Every structure is written in structure tokens, then in C-alpha cells.
Amino acid sequence: MSVDTATVAKIASLARIKVSEPELEAMVPELNGILAWVEQLGEVDVSGVEPMTAVIPNTLRLRDDVIDADPLTGGDKRDAVLANAPAAEHGFFGVPKVIE
Numbered sequence: 205m206s207v208d209t210a211t212v213a214k215i216a217s218l219a220r221i222k223v224s225e226p227e228l229e230a231m232v233p234e235l236n237g238i239l240a241w242v243e244q245l246g247e248v249d250v251s252g253v254e255p256m257t258a259v260i261p262n263t264l265r266l267r268d269d270v271i272d273a274d275p276l277t278g279g280d281k282r283d284a285v286l287a288n289a290p291a292a293e294h295g296f297f298g299v300p301k302v303i304e
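Quick note: the numbering used here has the sequence shown finishing at residue 304, numbered continuously throughout.
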């Protein structure tokens, strides 16, 4: 796949980027080089390679899921929290109906 000046101008227009004629001419070989490199990547045999999310193995640091771990933010604070609610209904925040 290759691009020409008209294609680069169309891309610049869609991206709402003002590009002068000399800049358009300079971008054509750059974009063609990028597209050639992407095509070259498509030719690489990756049949035995597993997909990965990062180049190094990552493990998440998780905390224990403990209720009442912090006395200020732990559980059993429903009544104190709902005391600030404009409308509390059945132990939950009451909100106005949006969809009829």
C-alpha cells in the first residue's frame, strides 16, 4: 500500500490539520515508509508466540479483601452515610426516576 499527495491531504483534512504543499510532499515518503514497515511486520511468523500484555511479567499487588479493615472507611457505616443523603430509600440512596 502506498499513499500519494492527495491521500495525505485528505488525511490532514480529516484530522483538521493545516498542512502546506511542501509539508505534504515531505510527508508522502515518510508515510510510505511507515506503511512499508507495517507490511513487513505482517510477514513475521508469530504462530508459536503467545500474545502478551507487557514485555515483562507483571503481577498485581493486591490487598486482602477484609471488611472493617479501616475503622474510618470500613463497613457498617450505612446509617452514617445515608444521613447525608437527600433521599434514602430502603437503605440505599434515592434518586429521581430518569427513564419512564
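A virtual CB, placed ideally from N, CA and C, is assigned to each residue, including glycine. Keep in mind that this is a model prediction, so the values were computed, not measured.
Cβ-Cβ distance between residue i and residue j below 8 Å
i, j, result
"V242", "V212", "no"
"L228", "T209", "yes"
"G295", "R282", "yes"
Spatial neighbours of residue i in its chain, beta-carbon cut-off 8 Å, leaving aside the 5 residues before and after
i, result
"A239", "With the sequence shown as reference, residue 239 is identified as Leu, and Ala is not the correct amino acid for it. M205, S206 and V207, listed in sequence order."
C-alpha gap between residue i and residue j, whole angstroms
i, j, result
"A216", "A292", "53 Å"
"N262", "V270", "24 Å"
"A230", "L245", "24 Å"
"A258", "L264", "13 Å"
"E218", "A284", "With the sequence shown as reference, residue 218 is identified as Leu, and Glu is not the correct amino acid for it. Those two C-alpha atoms are separated by around 53 Å."
"P300", "G279", "26 Å"
"P226", "V253", "43 Å"
"V302", "I221", "40 Å"
Residues of its chain near residue i, where Cβ-Cβ distance is below 6 Å and the 5 sequence neighbours each way are ignored
i, result
"A289", "F297"
Per DSSP, cross-strand counterpart(s) of residue i
i, result
"A292", "F297"
8 Å Cβ cutoff, residue i in contact with chain B
i, result
"D268", "Absent here is chain B; the protein component of the structure consists of one chain."
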